[in-house]
Structure formats: structure tokens, C-alpha cells
Amino acid sequence: MALAMAPRMRCLYIFNRNGMCLHYHVWLRSLMTLSPQQDQKLMFGMLFSLNSFTAKIDPVSSGKENNPPCSFYSFRTNTYKLHFMETASGIKIILLTDPRIGDLREALMHIYSNIYVEYVVKNPLYSPGQPFRCELFNMALDHYVKTLQ
Amino acid sequence: MAPAKPGDAAFANVDHVNAELFTLTYGAMVRQLLTDFEDVEEVNKQLDTMGYNIGIRLIDDFLSKANVTRCSEFRETADVIAKIGFKMFLGVTATVSNWNADFTECSLVLDDNPLVDFVELPETCQGLYYCNVLCGVIRGALEMVSMRTEVKWARDMLRGDDAYELRLKLIEHVAEEYPYKDDD
Chain P
9 MALAMAPRMR CLYIFNRNGM CLHYHVWLRS LMTLSPQQDQ KLMFGMLFSL NSFTAKIDPV
69 SSGKENNPPC SFYSFRTNTY KLHFMETASG IKIILLTDPR IGDLREALMH IYSNIYVEYV
129 VKNPLYSPGQ PFRCELFNMA LDHYVKTLQ
Chain Y
72 MAPAKPGDAA FANVDHVNAE LFTLTYGAMV RQLLTDFEDV EEVNKQLDTM GYNIGIRLID
132 DFLSKANVTR CSEFRETADV IAKIGFKMFL GVTATVSNWN ADFTECSLVL DDNPLVDFVE
192 LPETCQGLYY CNVLCGVIRG ALEMVSMRTE VKWARDMLRG DDAYELRLKL IEHVAEEYPY
252 KDDD
């Protein structure tokens, strides 16, 4: 999968509320230390814990049901930046990118609304809760990601 | 309470389909189910199951287009369904009423029901809940946002009542739990 310029996107995960990895899309990932299953499980588990951690430690929100729960949306290291989005239906979208990239919250929302919902959820041949492989989704995703770089 | 405007905005944002095409397609589907299953109770169940399968997908479509934040309590959920959900997908609004004492049960009364245009139930189908698919849709959609509910028709104009009223009952909130066992 050769892109014309150096890609800033590394990889994408989509999980559902039960921890099932619905999709894993890779553009550039030279190092993968774990098997795919372990990698996905680790990713999901870490995010689940991180989400509840950020909510519990929030100094501003009282934590009552009236306030929307606090959720983290990205973290950065010296080699990559991880962007996260979770919907009310439990769909979690994770994007790993180059560390210099800015805020991608809107991009993740776009990937959810215009690519995932349009090509996967509305696809009658897709069984919800199962991993999917959809050419239209991949094409739309690649196309969109190119515009982000 | 969610204002009516977001419902209109959401309605304007989605693709529209011809109302008659929708009504006639649904009618053809129910007729086919009646031919296939012959038993009215079975058809009711099938409609509910089909609605459920629609609902579990519809929720993502709804969340991506409707721009609503997470509801903090069930009262808000019912309002969002009535004002935004119904408007967005059926083009009609509903009113929420008849709350029970601890706000876990309410009625949704539809102003209008596009599914039943041109429909009259014959004698052989008196037990049929023609719009039972709506019950399944709401149940399926709410299940994907961690709420287990029970949705039934309280009043149905095709069966002689004066309005279309759904009774929506919240059974429980299902908390998100860590799906993996700790020893894995």
C-alpha cells in the first residue's frame, strides 16, 4: 500500500463495546511486538482503564450522572500520538499518528459518521458485533486520511 | 427537555425517501410475513426481531447525525427519542406522557404514523400489531446505549383505539464491564 508522500497516519483500530476489534487498518507500522490478538486486547484494556481513570481523577466534574463523563481524547509520546473517540453506543475509534499532528477529534468524528456508519453499519451484509472487511470502507478511509496529511 | 429544533435540523440532514414508497414497501413486507408465517403472533414476534436488528444499527446512524450528548437520565432519553429520533427517521414527532412514579416508564404518543397510511386490518389479522417493528427498533437502539427496555403498543388505531401510543419501560441500565477475564 504505497502512498505518494510519507504518511503521518500509522494505524487505526475500531472496537465495539464488547472489546471485539471490528477493524484494524495499518498504513505504516514498522514495529509490532505482540501478536494481533494480544495487541488488540492490550489496546482495548488500556483504553478502558484509562477512560475510567480519567473520569475518576477529574478535579472539575463532580462525577454525578448530571455531568457528561470526562473522557480523554489523545496522548502523545516522542514517537507517536494516539487519538481516541468513543460514542454512546460503545464504538471506540483509535488512530495512531505522527506525534506532530494536531487535534484530530473532528477527523475521528468524520471517520465515524461518514465512513463507518455509511459503509459498515448501513451495509446489510455486515453482522453487527463481528470484525468486518469492506473494500468501500478501506477506500473511503484511505481517501479521507490522505486529505488529513 | 430537548427543543424541537434539533429534530428539524437532524431531519434536514438525512436523505429523504418518498413516503409512499416507504409505506408500500413496509406493507408488502408485512403481507409477505403473514403469508410465510400464517400465525399472527409469530408475525408480531418477527416484526419485533426485525425492528431489533434495525435498531442496533440505527443507533450509530442516529448518534452520528443527531449531535446529541449522552443523556443523563431516562427522562431525557425519552424526550430525545420522541423529538429527535422519530423526527429524523419517520418525519413525525411524538409526545412523552404518563410517567410513572420513579420515572422508569412512560408513553410515547405519535402525532402521525406514516407506516399505516392506506392500511386496514382484515378480520383474519385482528391480533396483529402492524407497527411492531417500531417496538423492536427502540428496544434495539437503547440496548446499544446500555439500557434494557421493554416496548409495547398501548393503543393502536388499526385496532380501534384513538391514537398510536407506545409504552416504554426501562428495565435496567447495564453498566459497561470489562469483557476480558483478568487471568488472560
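Protein chains in written order, with this note's numbering: chain P, 9 to 157; chain Y, 72 to 255. Where a beta carbon is used, it is the ideal one built from N, C-alpha and C, also for glycine.
Assign ILE242 of chain Y to buried or exposed, taking buried as 16 or more other Cβ atoms, counted over all protein chains shown, within 10 Å of its Cβ. exposed
Exposed or buried, MET54 of chain P, counting other C-beta atoms within 10 Å across all chains shown (16 or more means buried)? exposed
TYR120 of chain P: contacting residues in chain Y (beta-carbon distance under 7 Å): SER135
Indicate whether MET51 of chain P and TYR88 of chain P have their beta-carbon atoms separated by less than 7 Å. no
Starting from the Cα of ASN169 of chain Y, find the closest Cα among Y:PHE160, Y:LEU179 and Y:VAL163 and give me that residue. Y:LEU179
Provide the residue span of the beta strand (DSSP E) that contains LEU259 of chain Y, from first to last. Because chain Y here runs from 72 to 255, residue 259 of chain Y falls outside it and cannot be looked at.
Interface residues of the segment 18 to 51 of chain P facing chain Y [CB-CB below 7 Å]: ARG25, ASN26, GLY27 and LYS49
Output needed for LYS158 of chain Y: all residues of its chain with C-beta closer than 6 Å, excluding positions within five of it in sequence on either side, in chain order. GLY78, PHE82 and THR164
Apart from the five residues just before and just after PRO139 of chain P, which ones in its own chain have a Cβ nearer than 6 Å to its Cβ? LEU30
Quick check on LEU241 of chain Y: does DSSP put it in helix, strand or coil? strand
Proximity winner among Y:PRO185, Y:LEU134 and Y:GLU236, relative to GLU91 of chain Y (alpha-carbon distances): Y:PRO185
Using a Cβ-Cβ distance cut-off of 7 Å, determine whether VAL85 of chain Y contacts chain P. no
Could you give the DSSP three-state label for VAL163 of chain Y: helix, strand or coil? coil
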